[in-house]
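Worksheet: one structure, shown below.
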Amino acid sequence: MSDTVLATRGLHMAFGGLMVFDHLDFSLKQGERHAIIGPNGAGKTTFVSLITGLLRPVSGDVLLDGRVITRDPPQARVKAGIVRTFQINSLFKALNPLESVVLALCERDGRARPALRAVARESALIGEARGLLEQFGLGADALTPTQTLAYGRQRLLEIALAMALKPRVLLLDEPAAGLSTRQGHEVFEQLLRLSAGVTILFIEHDMGLVFRYADQVSVFAGGAIIVQDTPDNVRVNPRVREVYLGA
């Protein structure tokens with residue numbers, strides 16, 4: 540049985556006369572931490588939006604476990620296990636992390652979102668939510684309004700909220716953006732603690748983080764994947780150095 544969990548086949552995407560991808564083939568293996576890098580305008584975020592269903596390709600397909608999901612709406616893809624962090628965090632800025640995670644757990648279980656005053660009665664979900672927050676080092680912040688948390692803590696909360704939905708594929712668009720080097724490493728160290736059953740695809744510009752934490756790296760440029768290889772091989776690949784690393 541193939542260990543490929545997510546793939547694209549012949550993916551073609553354009554905005555009017557601007558071609559972004561032309562017959563792009565990509566595969567992501569179960570349990571992999573896979574980084575996407577490339578120059579600005581290479582289509583990295585567009586690619587993730589095609590996977591999550593926020594955009595639909597002109598032609599070609601997106602597949603999950605070999606099943607074509609190209610026409611599935613975003614919410615159906617979330618329920619199938621494809622979760623992108625930014626889709627979650629923006630909903631909960633005025634709440635505290637505990638309330639936010641309980642609401643995410645309700646979403647995961649297909650339950651109607653309870654009124655905030657009813658959240659306190661969700662004892663089983665509160666226990667699970669506290670466990671998730673502890674896992675990501677956020678236990679002490681459980682009752683702190685999200686909007687007052689330091690930015691790095693908010694990024695960890697994004698991941699905790701995503702994990703509440705029990706993703707099979709977790710998509711992270713520049714998870715270390717706006718963070719110090721130390722904070723960026725803290726975020727990725729937490730990612731390393733995730734279950735092996737979670738496959739991670741992330742866009743990142745910090746090459747130190749990419750080369751330390753990725754198992755595989757795909758380099759996007761000119762509407763194509765020019766290299767897909769291990770971090771060590773990508774680091775010394777002359778074509779990558781020419782088009783992206785600037786050496």
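The numbering of the sequence shown is my numbering, which starts it at 540 and goes up by one. All residues carry an ideal CB built from backbone N, CA and C; glycine is no exception. Everything numeric in this text was worked out from a predicted model, so none of it was measured.
{"Item": "Taking 6 Å as the limit between beta carbons, can you name the residues of its chain near P612, skipping five residues before and five after?", "Value": "G592"}
{"Item": "May I have the straight-line CA-CA distance separating L644 from A699, to the nearest angstrom?", "Value": "11 Å"}
{"Item": "For V641, which residues in the same chain have their Cβ closer than 7 Å to its Cβ, ignoring the five residues on either side in sequence?", "Value": "V658, E661, L664, I665 and A668"}
{"Item": "I need the straight-line Cα distance from F560 to D680, nearest angstrom please.", "Value": "42 Å"}
{"Item": "Quick check on G599: does DSSP put it in helix, strand or coil?", "Value": "strand"}
{"Item": "Confirm, please, whether the CB-CB distance from G723 to L748 is below 9 Å.", "Value": "yes"}
{"Item": "Taking G605 as the reference, which of G580, A546 and G762 has the closest Cα?", "Value": "A546"}
{"Item": "Does the ligand NAD have even one heavy atom less than 8 Å from the beta-carbon of F759?", "Value": "With respect to the ligand NAD, the structure offers nothing, as it holds no ligand at all."}
{"Item": "Let me know the alpha helix (DSSP H) ranges lying completely inside the region 669-704, each 4 residues or longer, listed in chain order.", "Value": "690-703"}
{"Item": "Based on the DSSP secondary-structure assignment, which residues constitute the bridge partners of D561?", "Value": "DSSP, once it has assigned bridges, lists no residue as partnering D561."}
{"Item": "In the structure shown, what three-state DSSP assignment does L593 receive?", "Value": "coil"}
{"Item": "Distance check for L603 and V544, CA to CA, integer angstroms please.", "Value": "6 Å"}
{"Item": "Taking Cβ to Cβ, would you say L696 is nearer than 9 Å to L688?", "Value": "yes"}
{"Item": "Would you call the region 762-774 and the region 608-623 in contact, with 3 or more CB pairs under 8 Å?", "Value": "no"}
{"Item": "How many Å lie between E725 and A701 at the Cα?", "Value": "17 Å"}
{"Item": "Would you identify the three-state DSSP class for K583, choosing helix, strand or coil?", "Value": "helix"}
{"Item": "Below 8 Å CB to CB, which residues in the same chain sit around H506 once its five sequence neighbours on both sides are set aside?", "Value": "Nothing can be reported for residue 506, as the shown portion of the chain is limited to 540 through 786."}
{"Item": "Roughly how many whole angstroms lie between the Cα atoms of D564 and L637?", "Value": "40 Å"}
{"Item": "Distance, Cα to Cα, T609 vs R694?", "Value": "29 Å"}
{"Item": "Measuring CA to CA, which of G678, K705 and L704 is closest to R692?", "Value": "G678"}
{"Item": "When we look at the beta-carbon of T738 and count the other beta-carbons within 10 Å, is it buried (16 or more) or exposed?", "Value": "buried"}
{"Item": "Once DSSP output is grouped into helix, strand and coil, what is the label at D648?", "Value": "coil"}
{"Item": "Going by DSSP in three states, R616 sits in which element: helix, strand or coil?", "Value": "helix"}
{"Item": "So the candidates are S566, F554 and D542; which of them puts its Cα closest to the Cα of S757?", "Value": "S566"}
{"Item": "Determine the contact status of K583 and D542, defining contact as a CB-CB distance below 9 Å.", "Value": "no"}
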